[in-house]
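Peer 1:
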Ligand code: HEM
Ligand code: SF4
Ligand code: SF4
Ligand code: SF4
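Chains as they are written, first to last, in this note's numbering: chain R, 1 to 207; chain F, 1 to 259.
1. Does the distance between the C-beta of residue 121 of chain F and the nearest non-hydrogen atom of ligand 2 fall short of 7 Å?
2. Give the DSSP-derived three-state secondary structure of residue 38 of chain R in the structure shown.
3. Please check if any C-beta of chain R sits within less than 8 Å of the C-beta of residue 227 of chain F.
4. Using a beta-carbon distance below 8 Å, is residue 94 of chain F in contact with chain R?
5. Going residue by residue through the region 175-199 of chain R, where are the continuous beta strand (DSSP E) segments of at least 3 residues, counting only ones entirely within it?
6. Within the present structure, is the beta-carbon of residue 75 of chain F separated from the nearest heavy atom of ligand 4 by less than 7 Å?
7. Considering just the uninterrupted stretch of the alpha helix (DSSP H) at residue 20 of chain F, what are its terminal residues?
8. Less than 8 Å between the beta carbons of residue 29 of chain R and residue 64 of chain R, yes or no?
9. Give, in chain order, every residue of the region 2-23 of chain R whose Cβ lies closer than 7 Å to some Cβ of chain F.
10. Could one say the Cβ of residue 45 of chain F lies closer than 8 Å to chain R's Cβ atoms, at least one of them?
11. On a Cα-Cα basis, can you pick out the residue from F:79, F:102, F:155 and F:70 that is closest to residue 23 of chain F?
12. Determine the direct distance from the alpha carbon of residue 161 of chain R to that of residue 134 of chain F, and round the result to whole angstroms.
13. Got a sec, what are the start and stop residues for the beta strand (DSSP E) residue 104 of chain R sits in?
14. Beta strand (DSSP E) containing residue 160 of chain F: first to last residue?
15. Would you identify the three-state DSSP class for residue 104 of chain F, choosing helix, strand or coil?
16. Thinking C-alpha only, which one of F:44, F:196, F:174 and F:50 is nearest residue 129 of chain F?
17. My understanding is that residue 70 of chain F touches residue 195 of chain F, with C-beta atoms under 8 Å, so please give their C-beta distance in whole angstroms.
18. Is there at least one Cβ from chain R nearer than 8 Å to residue 284 of chain F's Cβ?
19. When every heavy atom of ligand 2 is checked, does at least one fall within less than 7 Å of the C-beta of residue 182 of chain F?
20. To test your reading of the DSSP string, which unbroken alpha helix (DSSP H) runs of 4 or more residues are found completely within the region 169-194 of chain F?
21. Check whether the Cβ of residue 195 of chain R sits closer than 7 Å to any heavy atom of ligand 2, and report yes or no.
22. Using a 10 Å radius around the Cβ and a threshold of 16 neighbouring Cβ atoms, would you call residue 282 of chain R buried or exposed?
23. Output yes if chain R places a C-beta closer than 8 Å to the C-beta of residue 112 of chain F; else output no.
24. Under a CB-based cut-off of 8 Å, is residue 102 of chain F close to chain R?
25. Quick one, which residues of the region 150-184 of chain R are near chain F if we go by CB-CB under 7 Å, in chain order?
26. For residue 41 of chain R, is the beta carbon positioned less than 7 Å from some heavy atom of ligand 3?
27. Go ahead and label residue 128 of chain R buried or exposed: buried means 16 or more other beta carbons lie within 10 angstroms of its beta carbon, across all protein chains shown.
28. Tell me which residues of the region 22-49 of chain R have at least one Cβ-Cβ distance to chain F shorter than 8 Å, keeping chain order.
29. How far does the beta strand (DSSP E) with residue 10 of chain F in it reach, from first residue to last?
30. Out of F:188, F:5 and F:57, which one is the CA nearest neighbour of residue 18 of chain F?
31. Please state the DSSP three-state secondary structure of residue 43 of chain F.
32. Which residues in chain R have a C-beta closer than 9 Å to the C-beta of residue 209 of chain F? List them in chain order.
33. Rounded to the nearest angstrom, what separates residue 153 of chain F and residue 20 of chain F at their Cα positions?
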């Protein structure tokens with residue numbers, strides 16, 4: 001028996017990394033517009049006008065790919081069951097060294113909520129982004145609110161992404177494998193997503 | 001702002017709507033003529049444009065049975081606390097001169113147009129070059145000791161340039177009220193109005209738009225704090241609680257050890 005089980009197929013992995021690249025393109029090109037503290041980042045794109053142009057067109061790619069990613073996982077993340085509620089009440093066991101027996105499906109409650117947050121934020125960034133694309137044509141108050149909301153979601157997005165990256169790498173060793181090569185070790189799967197593991201292996205009890 | 005702050009006074013009661021100021025500004029700044037359309041008023045053009053830094057607004061007011069005209073020179077009012085500067089991401093695109101006025105530099109402007117949304121008076125305009133333009137209070141004339149071109153051309157002394165405190169004192173001595181003395185840390189361009197500000201299309205209490213204030217003075221600083229806070233939080237978690245190791249379970253189940 002192989003030590004590994006498949007978690008994400010090639011299509012899913014390519015899409016995930018495509019979203020990642022466009023996200024960081026948006027992040028880096030938006031940073032210099034957000035605050036003068038980061039004005040140097042505009043030079044990465046040959047100055048402010050270059051950064052704005054990249055931000056607009058990469059924004060369309062981000063919007064499309066991130067929405068697709070959300071829609072692909074929509075079914076897996078849109079409902080919370082009792083085990084998810086336990087996970088939430090224990091905050092995934094992250095606040096203590098004592099492990100608890102997690103009983104998660106393919107995604108735990110935290111991942112589900114992050115997925116929903118990403119989907120909603122992508123849509124909001126897309127809508128407000130298109131509004132501030134045409135500041136002279138659209139009503140002033142709409143553009144003003146859009147600048148505020150775009151900036152607010154930007155901030156929340158980065159904060160959640162920092163936590164997402166931490167938990168997917170050094171915070172949970174073995175997790176990154178799934179997104180890099182598509183497979184995770186059986187031990188990892190039994191520890192983090194036992195319900196999912198039983199499902200895909202057809203086992204009643206993890207051996 | 002400093003004692004030495006200069007000011008520009010517009011005493012609307014003196015204005016005869018000759019529009020010398022419009023022409024003088026165009027001439028000094030070498031601005032193209034705009035093609036305009038008649039919109040049922042002597043007012044022309046009907047709005048500020050990228051080629052028109054100031055203009056006379058004609059306000060028609062019912063006065064008993066007849067009609068009364070109010071004239072008002074519209075332009076950038078050079079706010080002490082300027083929304084345009086608060087949001088501008090490009091250093092040097094908008095800057096304050098020693099006199100206290102706000103000048104734009106098209107070479108540095110990155111055409112984001114945030115200043116359009118942030119100006120309480122709806123002043124900045126964009127031309128075919130997509131760069132900001134507005135009244136710069138003739139910084140290039142003041143620098144060589146000349147008065148602003150529009151003020152020099154004004155035949156009725158509606159437009160006056162001088163030390164800001166002096167202008168205010170003069171208006172008060174004449175028992176008139178000044179618009180813009182304290183709003184937004186004091187406007188560089190002050191008005192004497194014959195009627196309520198709203199009648200002239202000026203906000204009664206000008207302030208930075210609320211959404212812009214929240215964006216730049218709340219979300220921005222808290223966001224930067226949140227960014228570093230998140231990084232600090234995950235690092236703290238890593239060295240205190242630590243990662244969820246999978247080896248541990250290995251030993252418990254005593255099973256197959258995978259590297
Ligand atoms: C979903 C697609 C997106 C679109 C269509 C979009 C569009 C825009 C546009 C048109 C602007 C104004 C640029 C300008 O003319 O100055 C802007 C600003 C900005 N964008 Fe985006 N954007 C998107 C996603 C993102 C993402 C994912 C991030 C961050 C990770 C981001 C961060 C920013 C920031 C920081 C600004 C500066 C304005 C502010 O502070 O609110 N955007 N965006
Ligand atoms: S009136 Fe508008 S453009 Fe002029 S200084 Fe004030 S905020 Fe800036
Ligand atoms: S359009 Fe130009 S002047 Fe206005 S905020 Fe953007 S960079 Fe600054
Ligand atoms: S001060 Fe100079 S730039 Fe401003 S309206 Fe008068 S002539 Fe034009």
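Even glycine gets a Cβ: it sits at the ideal position worked out from N, Cα and C.
Peer 2: Checking against the coordinates, here is how it stands:
1. yes
2. helix
3. yes
4. no
5. 183-185
6. yes
7. 20-29
8. no
9. 3
10. no
11. F:155
12. 41 Å
13. Taken as a continuous stretch (DSSP letters only), residue 104 of chain R belongs to no beta strand (DSSP E), as it is neither H nor E.
14. 159-163
15. strand
16. F:50
17. 6 Å
18. In the structure as shown, chain F begins at 1 and stops at 259. Residue 284 of chain F is therefore absent and cannot be evaluated.
19. no
20. none
21. no
22. Because chain R here runs from 1 to 207, residue 282 of chain R falls outside it and cannot be looked at.
23. yes
24. no
25. 151, 152, 155, 158, 159, 162, 163, 166, 170, 171, 172, 173 and 174
26. no
27. buried
28. 32, 33, 34, 35, 36, 37, 39, 42, 47, 48 and 49
29. 6-11
30. F:57
31. coil
32. 140, 141 and 144
33. 6 Å
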